[in-house]
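Take a look at the structure below.
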Amino acid sequence: MTTRDAFLAKIRAAQPAARPRPELPIFPSPEGDLQTRFIAALTTMGGTTAHAHSLAEVKEMIAARFGADAVVASAVPGLEGTRVLTPDTAPASLQDVDVGVVRGRFGVAETGSAWFSEDEYVVNSIGYLVQHLVVLLDPAQLVDGLQQVYRRPDFESARYAVLVTGPSATADIEGVLIRGAQGVRSLTVVWIQ
Amino acid sequence: MKVALFVPCFIDAFYPQIGIATLELLERLGLDVDYPQDQTCCGQPMANSGAHADAAGAERVFARNFADYDYVVGPSASCTHHVREHFTAIEQTSAVQKVRKSTYELVEFLHDVLEVRDFPWAEFPHRVGLHNSCSAVRHLRETSNSEVAGTPYSKPRALLERVKGIEFVSPARPDECCGFGGTFSVTEEAVSVRMGQDKVRDHIGAGAEYIVSGDMSCLMHQQGCAERMKLDAKFIHIAQVLNGARA
Amino acid sequence: MTKTVRIDHAKAAGAFLQKADHVAFHDKRLWDLRSKRDAQAHGIPEWEALRNLASGIKEHTLSNLADYIAQFADQAGKNGVVVHFAADAEEHNAIVYKLMSERGMTTLVKSKSMLTDECYMRDYLEPRGITVMETDLGERIQQLDHQDPSHMVVPAVHKLRADVAELFGKTIGTDPKNSDIHYLAESQRMNTRPYFVREKTAGMTGCNFAVAETGTVVVCTNEGNADLSANVPPLHIASIGIEKLIPTIADLGVFVRMLSRSALGSPITQYTSHFRAPRPGTEMHFILVDNGRSERLALEDFWYSLKCIRCGACMNTCPVYRRSGGLSYGGTYSGPIGAIINPTYDLKRYSSLPFASTLNGSCTNVCPTKVNIHEQIYKWRAVIAERHEVPFVKQEVLKMAGRLLASPTLYRATVASLGGALKRLPNFVLYNPLNIWGRGRDLPEAPAETFHEWYKKNRKPAK
Chain Y
4 MTTRDAFLAK IRAAQPAARP RPELPIFPSP EGDLQTRFIA ALTTMGGTTA
54 HAHSLAEVKE MIAARFGADA VVASAVPGLE GTRVLTPDTA PASLQDVDVG
104 VVRGRFGVAE TGSAWFSEDE YVVNSIGYLV QHLVVLLDPA QLVDGLQQVY
154 RRPDFESARY AVLVTGPSAT ADIEGVLIRG AQGVRSLTVV WIQ
Chain S
117 MKVALFVPCF IDAFYPQIGI ATLELLERLG LDVDYPQDQT CCGQPMANSG
167 AHADAAGAER VFARNFADYD YVVGPSASCT HHVREHFTAI EQTSAVQKVR
217 KSTYELVEFL HDVLEVRDFP WAEFPHRVGL HNSCSAVRHL RETSNSEVAG
267 TPYSKPRALL ERVKGIEFVS PARPDECCGF GGTFSVTEEA VSVRMGQDKV
317 RDHIGAGAEY IVSGDMSCLM HQQGCAERMK LDAKFIHIAQ VLNGARA
Chain D
17 MTKTVRIDHA KAAGAFLQKA DHVAFHDKRL WDLRSKRDAQ AHGIPEWEAL
67 RNLASGIKEH TLSNLADYIA QFADQAGKNG VVVHFAADAE EHNAIVYKLM
117 SERGMTTLVK SKSMLTDECY MRDYLEPRGI TVMETDLGER IQQLDHQDPS
167 HMVVPAVHKL RADVAELFGK TIGTDPKNSD IHYLAESQRM NTRPYFVREK
217 TAGMTGCNFA VAETGTVVVC TNEGNADLSA NVPPLHIASI GIEKLIPTIA
267 DLGVFVRMLS RSALGSPITQ YTSHFRAPRP GTEMHFILVD NGRSERLALE
317 DFWYSLKCIR CGACMNTCPV YRRSGGLSYG GTYSGPIGAI INPTYDLKRY
367 SSLPFASTLN GSCTNVCPTK VNIHEQIYKW RAVIAERHEV PFVKQEVLKM
417 AGRLLASPTL YRATVASLGG ALKRLPNFVL YNPLNIWGRG RDLPEAPAET
467 FHEWYKKNRK PAK
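Chains as they are written, first to last, in the numbering used here: chain Y, 4 to 196; chain S, 117 to 363; chain D, 17 to 479.
Laid out in structure tokens, this is it:
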């Protein structure tokens with residue numbers, strides 16, 4: 004088996020003469036209100052949006068949309084689901100959950116994405132194993148674009164970080180769009196402070 | 117200025133009328149054009165097959181024939197591209213470098229050097245699908261391309277624009293390769309033919325009566341496909357149109 | 017020792033072209049992806065500047081690759097990740113097997129990774145008792161059909177729904193007559209899902225970008241299968257080709273903006289995941305893989321191919337690829353990028369690929385990292401000719417043509433006109449080119465005289 008030193012030595016011997024690192028500018032942003040741009044981008048990716056003034060209201064929306072008997076797992080403090088979530092919860096145990104409720108740390112106007120880490124998810128599998136995802140997002144926490152996202156310090160501390168953009172999808176068979184490939188079948192962003 | 121005519125080998129053999137039209141056109145524009153008679157070929161067929169050493173002989177003959185000219189003008193974008201960018205099988209003396217820099221494709225020469233835009237003797241009252249070869253579009257940059265955003269431009273179109281009666285159609289894939297590709301047309305015959313068929317159908321579907329191009333190799337291939345498909349399309353080189361051909 | 021079999025691209029392409037419905041769909045679907053890419057690229061004023069940046073960052077990184085890999089491995093180690101170094105495919109596969117068997121794991125759920133396809137990892141693991149579940153729909157289809165992926169992003173694009181219906185009917189028990197795509201996709205979802213939550217299961221992802229600054233592995237998917245594979249099982253293995261390195265998180269602001277726009281014409285994939293450290297109580301292992309990449313890095317003309325970020329835009333735009341299908345290239349990588357990568361693995365086997373090109377240059381124009389693909393295709397032809405491996409012509413024939421065209425008198429004698437021109441032009445292919453030309457096209461008519469003869473008759477000769 005190759006050692007690290009041998010592995011690196013081979014590369015070092017092969018690499019061409021050093022080229023300089025280009026400077027990374029910040030390009031100007033497109034026009035438009037962040038929330039409007041976010042909604043437009045999310046919609047093309049198959050996500051939907053709604054508004055709520057309180058966590059209680061969100062709970063009602065979920066019951067109305069997914070049924071009073073829906074199995075709900077919530078990672079949002081103050082919003083109780085039917086399933087308790089702690090960092091020790093087995094990831095696979097969420098396989099029978101109908102609706103996951105999570106709060107995005109921030110959203111991205113350029114793409115319609117919501118950002119999460121293990122802090123927001125509590126149990127990472129909640130983003131993927133449940134059938135439907137409800138994402139709480141504060142419109143004041145919208146960032147312009149990916150240029151700005153990747154200059155944030157959040158990536159240094161998060162063990163796992165993800166930009167989620169709409170429900171899971173595939174077009175692998177004849178280019179026909181399918182929502183709910185392996186992950187969630189629907190994703191709803193609820194604007195709430 | 118001393119101008120020499122370069123007649124690509126397959127035009128010399130199959131399509132002499134293109135060489136004649138090019139010569140006559142340049143003469144109509146007031147030029148005294150030489151035709152060095154020892155010329156053979158620019159070396160592209162060997163070079164494109166990877167056989168650069170075997171291209172050297174032809175490149176030497178080319179460089180010798182065109183050594184004393186300010187401009188070497190030929191009706192082929194792919195040959196011109198080869199001379200300017202890949203003519204490296206022979207020693208790069210200052211004479212060779214001069215020949216390389218001085219070689220122009222006909223459209224480039226008319227548009228950029230002579231800066232001519234009007235051809236008062238020309239009349240072509242037909243619907244035209246203008247086909248620009250990939251060499252013309254992407255290597256010689258005679259037109260903008262659909263991959264890279266920017267202000268659209270087209271030197272061949274600028275030359276044809278004011279020809280009396282001419283109308284242009286808009287195919288769906290204006291700069292997709294037509295599939296000639298040199299020896300590709302034989303070594304990958306099935307794909308080449310399919311590409312040619314698709315190209316011809318695109319032009320005809322857009323309403324073209326004539327397909328016009330600065331590259332006869334593309335036209336030879338497309339015409340071969342169209343005739344086999346019994347499609348009603350006619351093919352003509354830009355030199356012939358600008359020289360006054362009516363059909 | 018098996019004798020190298022030369023991939024006959026033209027023959028395979030010819031077979032694909034017999035399937036009229038498949039070809040028509042394949043061409044249309046991929047051209048549509050190209051068009052969507054155009055809309056995105058043309059909608060961002062700084063797109064060409066981003067291409068320059070992406071290219072510059074990659075060239076800088078590759079020219080300092082050893083240091084960046086060291087930094088990446090050090091950071092990952094600090095984050096609690098175990099880093100392995102695999103010189104080649106065999107070592108990679110052995111590491112995966114060792115990790116799993118040591119832990120009594122018998123199932124591997126994985127998301128798409130061209131690298132693992134390149135290593136033929138399934139062929140190694142399955143005989144050793146590991147069940148491998150490809151969770152990406154396209155890869156799953158190809159796994160069940162025992163075929164390579166035909167495209168880097170949409171692996172089963174060469175298949176129509178009826179093909180998938182028949183395949184799933186044979187393998188996962190669906191109704192072979194039901195080719196409704198929603199039914200097929202849902203069937204695969206339900207068939208695959210139990211594997212994510214199984215016992216004794218490890219999860220594997222590939223890697224789109226490996227960030228040296230933080231030791232982060234970035235994976236971009238649309239299906240969410242990478243996040244399932246990584247976040248449910250207690251072991252996450254990431255297979256990483258060494259060319260995936262980029263210096264900092266900020267650089268992702270260039271690459272993530274470009275990847276999905278180039279691949280599918282959407283601003284971003286549904287999931288852009290960043291793995292830096294294992295979940296408490298679980299394990300994360302990274303396998304850095306060379307497998308010929310350092311050899312390629314040393315090639316003065318060809319190391320630029322390592323800038324590739326696997327977007328597939330070159331395939332979507334290539335008029336040859338769209339009409340021949342990815343399987344005709346005979347390897348993990350197909351299309352234009354395949355034509356310049358594969359010869360480094362086996363020059364003779366892949367010698368036809370650089371000739372499966374018209375050198376039109378569209379691929380180079382759409383490549384987000386400005387890999388000069390068509391120029392490398394041209395240069396590979398010279399390498400192949402030097403090694404006497406040009407597949408369609410004998411070296412002697414090219415020599416003959418070269419000599420003929422180097423001699424004005426010889427040439428003129430050959431091209432003498434009056435009905436003979438067509439038949440007597442330099443015959444520098446192995447077989448009569450007229451027969452092949454004439455299969456699908458009419459031949460040009462032989463003119464009465466050459467230009468040369470006309471000039472002699474009608475104009476005074478040059479001095």
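Where is the CB? At the ideal position from N, CA and C, for every residue including glycine. As the structure is a computational prediction, the values presented were derived from the model and not from experiment.
Closer than 9 Å at the C-beta level to chain D, one finds these residues of the region 251 to 272 of chain S: Ser251, Val253, Arg254, His255, Asn261, Ser262, Glu263, Val264, Ala265 and Gly266. Secondary structure at Glu231(S): coil, using DSSP grouped into helix, strand and coil. For Lys52(D), the enclosing alpha helix (DSSP H) starts and ends at Ala36 to Gly59. Val270(D) does not reach chain S, its nearest Cβ partner there being about 18 Å away, counting only Cβ pairs nearer than 9 Å. Annotated three-state conformation of Arg106(Y) is strand, per DSSP. Leu180(Y) counts as exposed, since fewer than 16 other beta carbons sit within 10 angstroms of its beta carbon.
Interface annotation, Met336(S): in contact with chain D, CB-CB separation under 8 Å. Judged by DSSP in its simplified three-state form, Lys280(S) adopts strand. Taking a Cβ-Cβ cut-off of 9 Å, the neighbours of Pro463(D) in chain S comprise Ala129, Phe130, Tyr131, Pro132 and Gln133, given in sequence order.
Straight across, the Cα-Cα distance linking Thr232(D) with His202(S) is about 43 Å. Residues Lys386 of the same chain have their beta carbon placed closer than 8 Å to that of Asn68(D), with the five preceding and five following residues left out of the count. The shortest CA-to-CA distance from Ala86(D) to any of Pro263(D), Ser129(D) and Asn109(D) is the one to Pro263(D).
In the same chain as Asn181(S), and ignoring 5 residues on each side of it, the C-beta atoms closer than 7 Å to its own belong to Pro152, Asp154 and Gln155, in chain order.
Three or more pairs of CB atoms, one per stretch, sit closer than 8 Å, so the region 132 to 146 of chain Y contacts the region 95 to 115 of chain Y. The region 293 to 309 of chain D makes contact with the region 84 to 100 of chain D: 3 or more CB pairs, one atom from each, lie closer than 8 Å.
Contact annotation: the region 112 to 128 of chain D touches the region 237 to 251 of chain D, with at least three C-beta pairs closer than 8 Å. Between Arg205(D) and chain Y, the shortest Cβ-Cβ separation is below 8 Å. Partner residues in the beta bridge of Trp194(Y), as assigned by DSSP, are His54(Y) and Leu140(Y). The contact set of Asp458(D) on chain S, defined by CB atoms closer than 9 Å, consists of Gln339, Gly340, Cys341, Ala342, Glu343 and Arg344 in chain order. Glu118(D): member of the alpha helix (DSSP H) spanning Ala105 to Glu118, first to last residue. In this model, Glu159(Y) and Thr221(D) are separated by some 21 Å (Cα to Cα). The C-beta of Asn247(D) comes closer than 8 Å to at least one C-beta of chain Y. A direct Cα-to-Cα measurement between Ser57(Y) and Val152(Y) gives close to 27 Å. Distance from Ala103(D) to Ile14(Y) at the Cβ level is roughly 11 Å; contact not present, criterion being Cβ atoms closer than 8 Å. Straight through space, the alpha carbons of Tyr131(Y) and Gln185(Y) are spaced by roughly 8 Å. Within the region 47 to 74 of chain Y, Thr47 and Met48 place their CB atoms closer than 8 Å to a CB of chain D, listed in sequence order. Beta-carbon to beta-carbon, Ser321(D) and Tyr337(D) are separated by about 16 Å, too far to satisfy the 8 Å threshold. The C-alpha of Ala181(D) lies about 11 Å from the C-alpha of His198(D).
Among the residues of the region 328 to 358 of chain D, those with a Cβ less than 8 Å away from any Cβ of chain S are Thr333, Pro335, Val336, Arg339 and Ser340, in the order of the chain.
Contact fails between the region 54 to 74 of chain D and the region 336 to 346 of chain S, because fewer than three Cβ pairs, one in each stretch, are under 8 Å apart.
Its chain contains Gly169, Pro170, Ala172 and Arg182 as the residues whose beta carbon lies nearer than 7 Å to that of Gly49(Y), once the 5 sequence neighbours on both sides are disregarded; these appear in chain order. Taking a contact as a CB-CB distance under 8 Å, the pair Asp318(S) and Arg289(S) counts as one, their CB atoms being some 6 Å apart. Taking a beta-carbon distance threshold of 8 Å, His168(S) counts as an interface residue toward chain D. When 7 Å is used as the limit between beta carbons, Trp319(D) is near these residues of chain Y: Pro19, in chain order.
Taking C-alpha positions only, Gly245(S) is separated from Asp186(S) by approximately 33 Å. Fully enclosed beta strand (DSSP E) runs of no fewer than 3 residues occupy 217 to 221, 225 to 227, 232 to 237 and 251 to 257 of the region 213 to 277 of chain D, in order along the chain.
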